[in-house]
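Working notes for the structure below.
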Amino acid sequence: MISHPPPSFGVGDVATTIRAEASQPDFRKRIEDARANLAAAEADYQRHAASHRLNEVPVDSTAHGFDSAESVRLYEYRLLEKPCGRQHYEEILASSTKCLLCGCGRATTVDHFLPKSRYPNLTVCPINLIPACKDCNYAKSDSPADSPTYLHPYFVSLEDVEVVATQQNSSPASIEFSIAGDASTPVVASARFHFRELGLSSIYQFHALHELPTCYQQYSRIYDEQGAAGVAHFLRTRATSAKARERHGWRQAAYLCWSRSPDFCEQGWQIA
Ligand SMILES: [Zn+2]
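Residue 173 in the working numbering sits at position 172 of the sequence shown; the count goes up by one each step and never skips.
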């Protein structure tokens with residue numbers, strides 16, 4: 002979960018590129034004629050995103066004059082294969098090395114936040130294109146109209162969202178992650194939906210337990226010198242430092258959870 006600036010260009014720029022790179026006059030005219038409707042769809046998208054209502058954006062709109070198959074082709078041929086169109090794609094992909102949906106994986110794909118199969122007029126809309134890892138791109142599905150939406154990295158403010166971790170028993174391996182806060186707040190409801198649908202608790206747990214053994218020696222040394230209180234203090238410091246770097250990442254939540262666990266600080270890290 003990451004809040005990230007949107008692309009610096011809009012669908013009007015993409016339309017200009019596609020038109021300039023097209024060789025057939027008829028196709029150039031169709032793109033020019035589509036420009037106003039593509040821009041209107043982009044503006045409508047922005048309005049819905051600002052109020053966490055992207056699942057209310059009308060589906061199957063072909064007001065821009067391209068049917069569903071043609072709209073997918075606009076993306077797959079004009080944006081992925083054509084050299085100038087590809088530059089737009091590459092700029093979006095390069096805007097983040099990390100997946101903007103989970104914040105953990107490497108961004109190697111571009112996800113259509115609203116899927117290209119259902120939203121023909123948004124297939125080449127830059128604010129609908131998100132750098133994402135393959136796992137998130139695969140796991141993400143449509144959000145039903147009556148449910149919260151996924152968190153949109155270009156539009157969400159995560160100020161009211163907090164990732165917390167709890168240890169279910171004395172083993173650090175039992176750590177689980179969740180979203181704290183008032184679920185009646187739209188952004189918290191969306192964060193919980195996002196967290197659940199993408200399986201982020203499991204992903205965060207994997208990373209936490211993968212890193213844990215690399216710290217055994219450090220924890221043991223502190224314990225030998227300062228006891229359990231020293232380990233707890235060290236973990237709190239790590240949590241604070243991690244939170245400053247990545248507020249909604251797994252590290253800040255895991256370290257804080259373990260700092261509060263008497264079992265963990267009494268050499269319980271070795272149980273995992
Ligand atoms: Zn991801």
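Cβ coordinates follow ideal geometry from the N, Cα and C atoms, glycine included.
Taking C-alpha positions only, F207 is separated from R87 by approximately 34 Å.
Per DSSP, the continuous alpha helix (DSSP H) segment holding E92 begins and ends at P84 to A95. Pairing H53 with D68, the inter-Cα distance amounts to about 27 Å. Distance from Y76 to K117 at the Cβ level is roughly 6 Å; contact confirmed, criterion being Cβ atoms closer than 8 Å. For R31, the closest of A184, R48, E247 and E71 by C-alpha to C-alpha distance is E71.
Separation of T18 and L81 (C-alpha to C-alpha, rounded to the nearest whole angstrom) is 12 Å. By DSSP's assignment, V157 forms no beta bridge with any residue. A check of alpha carbon separations from T186 across W270, D27 and T150 identifies T150 as the nearest.
Here R107 carries a strand assignment [DSSP, helix/strand/coil].
Bounds of the alpha helix (DSSP H) holding V188 are P187 to E198. Counting of Cβ neighbours within 10 angstroms places T124 among the buried residues, the total reaching 16 or more. In this structure, the CA atom of P263 is about 16 Å from the CA atom of Y217. With 6 Å as the limit, the residues whose C-beta approaches a heavy atom of ligand 1 more closely than that are C100, L102, C103, G106, A133, C134, D136 and C137, in chain order.
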